[in-house]
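Those protein sequence lines, which keep their order, are chains C and E.
Residues 5 to 228 (the working numbering) make up the first sequence, in order.
Residues 9 to 226 (the working numbering) make up the second sequence, in order.
In this text, a Cβ means the ideal position worked out from N, Cα and C, and glycines have one as well.
Here's the structure, in structure tokens; my notes come after.
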Amino acid sequence: MTSTALFTGRDLLCLRGGRLVFQDLDFQLAAGGCLTLVGPNGSGKSTLLRLMAGLLKPLRGTIAWDGVSLGQDPEAHRARLHYVGHLDAVKASFTCREMLAFWAGLRGAGGVDAALAAFAIDTIADVPGRFLSAGQRRRLSLARLVAAPAPLWLLDEPTVGLDRASVALLEDAIARHRAQGGRVVLSTHIDLATPGGAVLDLAAFTPVEDDESLDGDDGAEDAA
Amino acid sequence: MLRLILRDLRLVLRQGSDATAALMFFVLCVVLFPFGVGPEPNVLTRIAPGVLLIAALLAALLSMERLFQGDFEDGSLELLLLSPLPAEGVAVAKVAAHWLVTGVPLMLVAPLLALLLRMPGDQLGLLVGTLALVTPLLSLIGAVGAALTLGARRSGVLLPLLVLPLYIPVLIFAAAGLDAGLSGLSPRPHLLLLGGMLCGALVLAPLAIAAALRAAHE
Chain C
5 MTSTALFTGR DLLCLRGGRL VFQDLDFQLA AGGCLTLVGP NGSGKSTLLR
55 LMAGLLKPLR GTIAWDGVSL GQDPEAHRAR LHYVGHLDAV KASFTCREML
105 AFWAGLRGAG GVDAALAAFA IDTIADVPGR FLSAGQRRRL SLARLVAAPA
155 PLWLLDEPTV GLDRASVALL EDAIARHRAQ GGRVVLSTHI DLATPGGAVL
205 DLAAFTPVED DESLDGDDGA EDAA
Chain E
9 MLRLILRDLR LVLRQGSDAT AALMFFVLCV VLFPFGVGPE PNVLTRIAPG
59 VLLIAALLAA LLSMERLFQG DFEDGSLELL LLSPLPAEGV AVAKVAAHWL
109 VTGVPLMLVA PLLALLLRMP GDQLGLLVGT LALVTPLLSL IGAVGAALTL
159 GARRSGVLLP LLVLPLYIPV LIFAAAGLDA GLSGLSPRPH LLLLGGMLCG
209 ALVLAPLAIA AALRAAHE
């Protein structure tokens, strides 16, 4: 991947459960950039992140990396992204180190110890997943980001469950990642320091009830 | 892919109730038959192939529901689908792990149970051979159903309804093969048909499973 590659979305429209979540949404992310998604609950932050990950497909519009749409080369896109969702993928019977080694190994990387240290879970590296607190689970989930380098981080409310010290660790990790030319898209409800990052307010793209030219049919069905 | 298989195997070893439950179910199910139909050797020999196959089929189904459920609920499956591994590879690895922890033990225990049902000793090789073809088929077909019912609220009820009809051809040819062996005929055509089904399922089932897994995450 070239460092000049742009990660872009154009004219995105997304329909979830018969409801128009957002429309006419554009974004652009250059190397070293950070995009913070804000907006009220249900404004489509998670949906947009899942679109960016390729788990969902937009009803209209395209998301592209360096001009190549995600649909054309999904495997290359998966190889360059890390996604941290609401679920932490913690197995009760595996230790932190084992889980991290597995996820890093899938990407052919092995920076497990450094990643454990980066999120201060080296002290609990050999504790099985069932004894972890919510914050520890989240930190383990975030440690995957550091264990196997990937240029694009998609973080869906990564600060949930984290104490203030851990949020600082996350900010450090993001800053280091961006300094190396990585990109970050994250959604958050708290203030996360992302110097020089852009903010995308999804509320601006939420369709107004009255001018739903495209959604008219669905509205009628819902009412019936 | 090997890494995922190894992880699944280790997961089963650590919290192994699922796999052993299927095996115990298989054993108990077969052992109950002599009590139910009486210890008459002729009758038992006659029904042995059917009993063993149906018990294996139900045991496979029993363990199938959890195949993707655990990974789906804790978010691992989502991450696997986003890993560089293709979704088909994830499907193959999960099915392979399932077969290794349920299919293979079934296959190994079956000869003992067959003796209990008074199956002639010279038929045991055929039985193991047939099961070697049947158990991977059960895993592959069942996994399609398990993937399709992911996220459905009553998946426990839906899965057998979806999968059992698809098991019928497997059951027919496997039972016919064993019967042929018992009555001194060649089981070869039936085994060849089973082999053909297995080849087809090996190619098609991962594609279907991958599509269903992706759909479950939309």
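Leaving out five residues on either side along the sequence, give the residues of the same chain with a beta carbon under 8 Å from the beta carbon of residue i.
i	result
Val39 of chain E	Leu121, Leu124
His225 of chain E	Leu85, Glu86, Leu89
Val45 of chain E	Val51, Leu52, Ile55
Pro119 of chain E	Leu132, Leu135, Val136
Ala140 of chain E	Met115
Ala169 of chain C	Ala124
Phe41 of chain E	Leu52, Ile55, Val59, Leu125
Could you tell me the boundaries of the beta strand (DSSP E) in which residue i lies?
i	result
Asp160 of chain C	156–160
Phe98 of chain C	Looking at the DSSP string, Phe98 of chain C is not in any beta strand (DSSP E), and its letter there is neither H nor E.
Gly13 of chain C	11–20
Arg229 of chain C	It is not possible to answer for residue 229 of chain C, since the shown part of chain C is limited to 5 through 228.
Asp205 of chain C	202–205
Counting along the chain, where does the alpha helix (DSSP H) carrying residue i start and finish?
i	result
Leu166 of chain E	163–190
Leu33 of chain C	Note, Leu33 of chain C: premise wrong, no alpha helix (DSSP H); beta strand (DSSP E) at 23–33.
Asp79 of chain E	74–81
Arg182 of chain C	168–183
Ala224 of chain E	196–224
Leu41 of chain C	Unbroken run through Leu41 of chain C is the beta strand (DSSP E), 38–42; no alpha helix (DSSP H).
Glu86 of chain E	84–89
Ala208 of chain C	It is not in any alpha helix (DSSP H) - Ala208 of chain C carries neither H nor E in the DSSP assignment.
Leu17 of chain E	10–22
Lys49 of chain C	49–57
Val152 of chain E	132–156
Val150 of chain C	138–151
So, helix, strand or coil for residue i, using DSSP?
i	result
Ala95 of chain E	helix
Ser73 of chain C	strand
Arg84 of chain C	coil
Pro113 of chain E	helix
Ile128 of chain C	helix
Ala27 of chain E	helix
Ala113 of chain C	coil
Thr8 of chain C	coil
Gly65 of chain C	strand
Pro199 of chain C	coil
Thr53 of chain E	helix
Ile194 of chain C	coil
Ala104 of chain E	helix
Pro128 of chain E	coil
Ala64 of chain E	helix
Gly270 of chain E	Because chain E here runs from 9 to 226, residue 270 of chain E falls outside it and cannot be looked at.
Tell me which residues share the same chain as residue i and place their Cβ nearer than 7 Å to its Cβ, disregarding the 5 neighbours each side in the sequence.
i	result
Ser194 of chain E	Ala188
Glu175 of chain C	Leu196, Ala197
Pro144 of chain E	Trp107, Gly111, Leu206
Tyr87 of chain C	Ala57, Leu158
Leu215 of chain E	Glu96
Gln27 of chain C	Leu17, Phe209, Pro211
Phe11 of chain C	Leu33, Trp69, Leu156, Arg187
Gly256 of chain C	With chain C covering only 5 through 228, there is no way to say anything about residue 256 of chain C.
Ala105 of chain C	Val116
For residue i, verify whether its CB is less than 6 Å away from any heavy atom of the ligand NAP.
i	result
Ser137 of chain C	Questions concerning the ligand NAP fall outside what the structure shown contains, since it holds no ligand whatsoever.
Please work out which residues of its chain come closer than 6 Å, Cβ to Cβ, to residue i, disregarding the five sequence neighbours upstream and downstream, and give them in chain order.
i	result
Ala30 of chain E	Ala67, Leu70, Ser71, Thr110
Ile13 of chain E	Ala101, Ala104, Ala105
Leu167 of chain E	Glu73, Gly153, Thr157
Arg54 of chain C	Leu60
Is the beta carbon of residue i less than 7 Å from the beta carbon of residue j?
i	j	result
Leu114 of chain E	Ala155 of chain E	no
Ser191 of chain C	Glu161 of chain C	yes
Lys95 of chain C	Gly133 of chain C	yes
Gly150 of chain E	Val178 of chain E	no
Leu91 of chain C	Asp82 of chain E	yes
Thr40 of chain C	Gly186 of chain C	no
Thr210 of chain C	Ser47 of chain C	yes
Phe181 of chain E	Leu148 of chain E	no
Val152 of chain E	Ile62 of chain E	no
Ile151 of chain C	Ala121 of chain C	Looking at the sequence itself, residue 151 of chain C is Ala, so the reference to Ile does not match. No, the pair does not count as a contact, with Cβ atoms beyond the cut-off.
Arg222 of chain E	Ala95 of chain E	yes
Val20 of chain E	Ala27 of chain E	yes
Gln23 of chain E	Ser97 of chain C	yes
query: Between the segment 79–90 of chain E and chain C, which residues of the former have CB atoms less than 9 Å from a CB of the latter, in chain order?
result: Listed by position along the chain: Asp79, Glu81, Asp82, Gly83, Ser84, Leu85, Glu86, Leu87, Leu88, Leu89, Leu90.
- request: Taking only beta carbons into account, state which residues of the segment 17–47 of chain E come closer than 7 Å to chain C, listed in chain order.
  value: Hits within the stretch, in order: Leu19, Arg22, Gln23.
Positions along the segment 105–130 of chain C whose CB lies within less than 9 Å of some CB in chain E: Interface annotation for the segment 105–130 of chain C against chain E: Phe106, Trp107, Gly109, Leu110, Arg111, Gly112, criterion Cβ-Cβ distance under 9 Å.
- prompt: Residues in the segment 89–120 of chain E with C-beta within 8 Å of chain C's C-beta atoms, listed in sequence order?
  reply: Of all residues in the segment 89–120 of chain E, only Leu89, Leu90, Ser91, Pro92, Leu93, Pro94 place a beta-carbon less than 8 Å from a beta-carbon of chain C.
field: Interface positions of the segment 70–83 of chain C facing chain E (Cβ-Cβ less than 7 Å), listed along the chain
entry: Flagged, chain order: Glu79, Arg82, Ala83.
query: For the segment 40–53 of chain C, which residues have a CB atom closer than 8 Å to at least one CB atom of chain E, in sequence order?
result: Within the segment 40–53 of chain C, contact with chain E at the beta-carbon level (separation under 8 Å) is assigned to no residue.
message: Short of 7 Å Cβ to Cβ, which residues in the segment 184–204 of chain C face chain E?
response: Correct list: empty, as no residue qualifies.
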